[in-house]
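Some notes on the structure that comes next.
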Amino acid sequence: MLCLLQEETIFLTCLSNTRLVQDVDVVDLFSDHNYINITLNIRKCRIRRTEEIKLYKKADYLSMNYYLSNVNWSMLLKNLSVDKTSMV
């Protein structure tokens, strides 16, 4: 069994008085100092990915065609360069 110094005891007490730390063990000397093994009380977070799926079968193509056929494309694109027409 290891004899802990007062500073080590205070340090371990601070570590063990939090919900984040599940367990603290002081292991035999590792070179010229003690080896401290800390087990954390955390859960692994899983990131949920969402993917947007377009339901083209459910589109209202009649309304879209009606809307697009009523746009005055000549007037809209009249004074635009080729590069700017792709931004309309």
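Residue numbering for the sequence shown is 1048 to 1135, as defined by this note's numbering. Even for Gly, the Cβ is constructed at its ideal location relative to N, Cα and C.
Since residue i is in the alpha helix (DSSP H), which residue starts that stretch and which ends it?
{"i": "TYR1082", "result": "First-last for TYR1082: 1080 to 1087, but that is the beta strand (DSSP E), not the alpha helix (DSSP H)."}
{"i": "SER1019", "result": "This structure cannot speak to residue 1019, because the chain is shown only from 1048 to 1135."}
{"i": "ASN1112", "result": "1108 to 1116"}
Please state whether the Cβ-Cβ distance between residue i and residue j is less than 8 Å.
{"i": "ILE1094", "j": "VAL1071", "result": "no"}
{"i": "ASN1081", "j": "VAL1068", "result": "no"}
Count the C-beta pairs between the region 1119 to 1133 and the region 1086 to 1104 that are closer than 8 Å, then say yes if the count reaches three, no if not.
-> Cβ pair count under 8 Å is below three, so no.
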